[in-house]
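Here's the structure, in structure tokens; my notes come after.
Number of protein chains: 2
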Amino acid sequence: MILFMNGQFIPEELAVISVADRGFLYGDGLFETIRVAGGQPFRLMEHLDRLQRGADFLKLRVPYNRSELAFAAAELIARNGMIDAILRIHLSRGVGRRGYSPRGAHSPTLVMSVSVLSEEPRPTCWKAIIASFRVAADDPIAQHKTSNKLAPILARMEAEAAGMDEALLLNTRGEITEAASGNLFWVWRETVLTPPLSSSALAGITRSAVLELCHKLGYPTAERPLLPDELKKADGAFLSLSSLGVIELSEVDGANLPSSPITRALRDAYERQLHQPG
Amino acid sequence: MILFMNGQFIPEELAVISVADRGFLYGDGLFETIRVAGGQPFRLMEHLDRLQRGADFLKLRVPYNRSELAFAAAELIARNGMIDAILRIHLSRGVGRRGYSPRGAHSPTLVMSVSVLSEEPRPTCWKAIIASFRVAADDPIAQHKTSNKLAPILARMEAEAAGMDEALLLNTRGEITEAASGNLFWVWRETVLTPPLSSSALAGITRSAVLELCHKLGYPTAERPLLPDELKKADGAFLSLSSLGVIELSEVDGANLPSSPITRALRDAYERQLHQPG
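Protein chains in written order, with our numbering: chain A, 1 to 278; chain B, 1 to 278.
Shown next as structure tokens:
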């Protein structure tokens, strides 16, 4: 596999960083996970926009402009002969002085890589638990896709230890924020709902894509804080992931959730859109 | 400079890790910062114990036992001719499969490095702001020294942008948890107080050392949640840092704090202890 790193295309085994990189030391960075379908990165510009917003938030310099990054992505996909794949961009603050202050860290590290989307049939339905710990409500950091990912990692570990597929996260107000690996939606009659960003949900690119599809297909949408008990009474629920698209939730914390025709309609529409050029 | 990495002593410039290391991707790891005084790492065993507790929490394997780590630390300090220095141990989960699940990541990365303690006179007094965002209260992750450090990094950036030295963090209940780089103490008459771990404070090794010194010197201690207004009425306040020891706070959010003789007594006792053998 070839990677793009700090301006060069290099073989995977040569793609190494200093152990003093602040990405490694403190998770001081950001990333994007982008679906590649038919050789094309899906909604790449939205991902690059979010990366830039995150970089502005962390006061971190993106060392290439959007068109340079888009060009590198296309070249990387082509050089690796990728058709259905996951493209990842990791940006860290690079090497600085000892300690938390980013003073003196002026050379960010940017790595772009691709990996084949698993050839096994992708899941369409997951069972979830609710993680035992809570994340901060109203957390400004949570809106960005940063490299501080221990909360979803620990949540996912709890799910796997319980023999489940995924975990939902609660914030300190007891509201469900999102799943470890994507945003949460639920269906109530004809309406498609999702927690607001103030619940500490990530501003997901696939979340936006799903909301747009709802408008296109005529389903009303709303942002609403969600308590676990309300989710268990929903007419259906699903997650939106950049990597896997729309995945239905069939169970949350032992409660069965009905399968909604709206979830299936959105999943089909999303998959069709993935394969439309442009 | 020589580093210890995955069992070998190697020059700094050869100490590199894969860009697929989960430490770099997600901050999926832990670290310890240990003061070296007179060539001896201070309270090394307590730091190694905390590293082990963090590793148990993250279900991460520490690839060496305590005596191997202590031997490597001593050898590293000697090879680099360090007298007054900072020893750092970083442990990450290493390379795994794509995604948050740690399945398949079986080779943790362990890096130990030393750096000279700055020869400039060390600060004895800092001015602090209170960071604008809040961290989760009762966060089990916060008790461990993980590599997810964006909250203290952003807090420190806010402080520096305001021309201040340090930032204190609030939790979602509005309690002060700790400073970006160490635990907080305050003095009320003869009593030395510090927030409980349930405020989401790190179980600092220097925090424990300071509490022990209080007992030795005859100052009563207590753990108590702390609101900013109470801090501003304190008879004194200070931070405890593994790297820098006891640092007095002279100002918080524009309010002057009195200098307490108890702070000075604890700082002197701590510095003396650093240089006692054993």
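Note that beta-carbon positions come from the ideal geometry of N, C-alpha and C, so glycine has one too.
Quantities reported herein were computed from a predicted structural model and do not represent experimental measurements.
Cβ-based burial, residue i [other Cβ within 10 Å; buried from 16]
{"i": "residue 67/B", "result": "exposed"}
{"i": "residue 65/B", "result": "exposed"}
{"i": "residue 132/A", "result": "exposed"}
{"i": "residue 42/B", "result": "buried"}
{"i": "residue 216/B", "result": "exposed"}
{"i": "residue 365/B", "result": "Residue 365/B lies beyond the range of chain B shown here (1 to 278); nothing can be said about it."}
{"i": "residue 139/B", "result": "buried"}
{"i": "residue 108/B", "result": "buried"}
{"i": "residue 21/B", "result": "buried"}
{"i": "residue 204/A", "result": "buried"}
{"i": "residue 161/A", "result": "exposed"}
{"i": "residue 50/A", "result": "buried"}
{"i": "residue 102/B", "result": "buried"}
{"i": "residue 122/A", "result": "exposed"}
{"i": "residue 14/A", "result": "exposed"}
{"i": "residue 7/A", "result": "exposed"}
{"i": "residue 272/A", "result": "exposed"}
{"i": "residue 106/B", "result": "exposed"}
{"i": "residue 159/A", "result": "buried"}
{"i": "residue 85/B", "result": "buried"}
Those residues which DSSP pairs with residue i across a bridge
{"i": "residue 221/B", "result": "192/B"}
{"i": "residue 238/B", "result": "185/B and 248/B"}
{"i": "residue 279/A", "result": "A question about residue 279/A goes unanswered here, because the residues of chain A that appear run from 1 up to 278."}
{"i": "residue 35/B", "result": "86/B"}
{"i": "residue 29/B", "result": "92/B"}
{"i": "residue 6/A", "result": "According to DSSP, which records beta bridges pairwise, residue 6/A is partnered with nothing at all."}
{"i": "residue 80/B", "result": "Its beta-bridge partners do not exist; DSSP assigns none."}
{"i": "residue 176/B", "result": "170/B"}
{"i": "residue 41/B", "result": "36/B"}
{"i": "residue 16/A", "result": "18/B"}
{"i": "residue 146/B", "result": "30/B"}
{"i": "residue 11/B", "result": "2/B"}
{"i": "residue 256/B", "result": "251/B"}
Any non-hydrogen atom of the ligand NAP within 6 Å of residue i CB
{"i": "residue 244/A", "result": "The model depicted lacks the ligand NAP and carries no ligand whatsoever."}
Spatially closest choice to residue i from the options, by CA coordinates
{"i": "residue 183/B", "options": "189/B, 193/B and 174/B", "result": "193/B"}
{"i": "residue 11/A", "options": "271/A, 202/A, 114/A and 20/A", "result": "114/A"}
{"i": "residue 200/A", "options": "208/B, 16/B and 134/B", "result": "134/B"}
{"i": "residue 209/A", "options": "45/A, 102/A and 155/A", "result": "45/A"}
{"i": "residue 154/A", "options": "58/B, 145/B, 27/B and 15/B", "result": "58/B"}
{"i": "residue 53/A", "options": "37/A, 103/A, 72/A and 30/A", "result": "30/A"}
{"i": "residue 220/A", "options": "188/A, 206/A and 51/A", "result": "188/A"}
{"i": "residue 235/B", "options": "241/B, 264/B and 120/B", "result": "264/B"}
{"i": "residue 147/B", "options": "120/B, 164/B, 170/B and 110/B", "result": "110/B"}
{"i": "residue 274/A", "options": "106/A, 35/A, 7/A and 249/A", "result": "35/A"}
{"i": "residue 190/A", "options": "214/A, 206/A, 207/A and 169/A", "result": "214/A"}
{"i": "residue 150/B", "options": "156/A, 142/A and 18/A", "result": "142/A"}
{"i": "residue 223/B", "options": "32/B, 94/B and 207/B", "result": "207/B"}
{"i": "residue 62/A", "options": "276/A, 253/A, 112/A and 272/A", "result": "112/A"}
{"i": "residue 164/A", "options": "130/A, 145/A, 170/A and 136/A", "result": "130/A"}
{"i": "residue 71/A", "options": "124/A, 9/A and 85/A", "result": "9/A"}
{"i": "residue 166/A", "options": "27/A, 3/A, 127/A and 24/A", "result": "127/A"}
{"i": "residue 145/A", "options": "270/A, 244/A, 123/A and 197/A", "result": "197/A"}
{"i": "residue 226/A", "options": "1/A, 251/A, 25/A and 174/A", "result": "174/A"}
{"i": "residue 137/A", "options": "2/A, 202/A, 241/A and 267/A", "result": "202/A"}
{"i": "residue 3/A", "options": "69/A, 27/A and 47/A", "result": "69/A"}
{"i": "residue 241/A", "options": "94/A, 78/A, 33/A and 253/A", "result": "33/A"}
{"i": "residue 232/A", "options": "212/A, 168/A, 38/A and 211/A", "result": "168/A"}
{"i": "residue 245/B", "options": "229/B, 218/B, 230/B and 211/B", "result": "211/B"}
{"i": "residue 24/B", "options": "38/A, 89/A and 76/A", "result": "89/A"}
{"i": "residue 157/A", "options": "262/B, 79/B, 77/B and 100/B", "result": "100/B"}
{"i": "residue 260/B", "options": "228/B, 179/B, 124/B and 18/B", "result": "124/B"}
Span of the beta strand (DSSP E), counted from its first residue to its last, around residue i
{"i": "residue 112/A", "result": "109-116"}
{"i": "residue 170/B", "result": "166-171"}
{"i": "residue 130/A", "result": "125-135"}
Anticipated Cβ contact below 8 Å, residue i with residue j, distance rounded
{"i": "residue 186/B", "j": "residue 237/B", "result": "4 Å"}
{"i": "residue 181/B", "j": "residue 152/B", "result": "7 Å"}
{"i": "residue 55/B", "j": "residue 91/B", "result": "7 Å"}
{"i": "residue 195/B", "j": "residue 177/B", "result": "6 Å"}
{"i": "residue 239/A", "j": "residue 247/A", "result": "5 Å"}
{"i": "residue 28/B", "j": "residue 93/B", "result": "5 Å"}
Bounding residues of the alpha helix (DSSP H) (the contiguous stretch that carries residue i)
{"i": "residue 154/A", "result": "150-161"}
{"i": "residue 141/A", "result": "That residue, residue 141/A, is in no alpha helix (DSSP H); it is neither H nor E in DSSP."}
{"i": "residue 276/B", "result": "Counting along the chain, residue 276/B falls outside any alpha helix (DSSP H), and DSSP gives it neither H nor E."}
{"i": "residue 228/B", "result": "228-232"}
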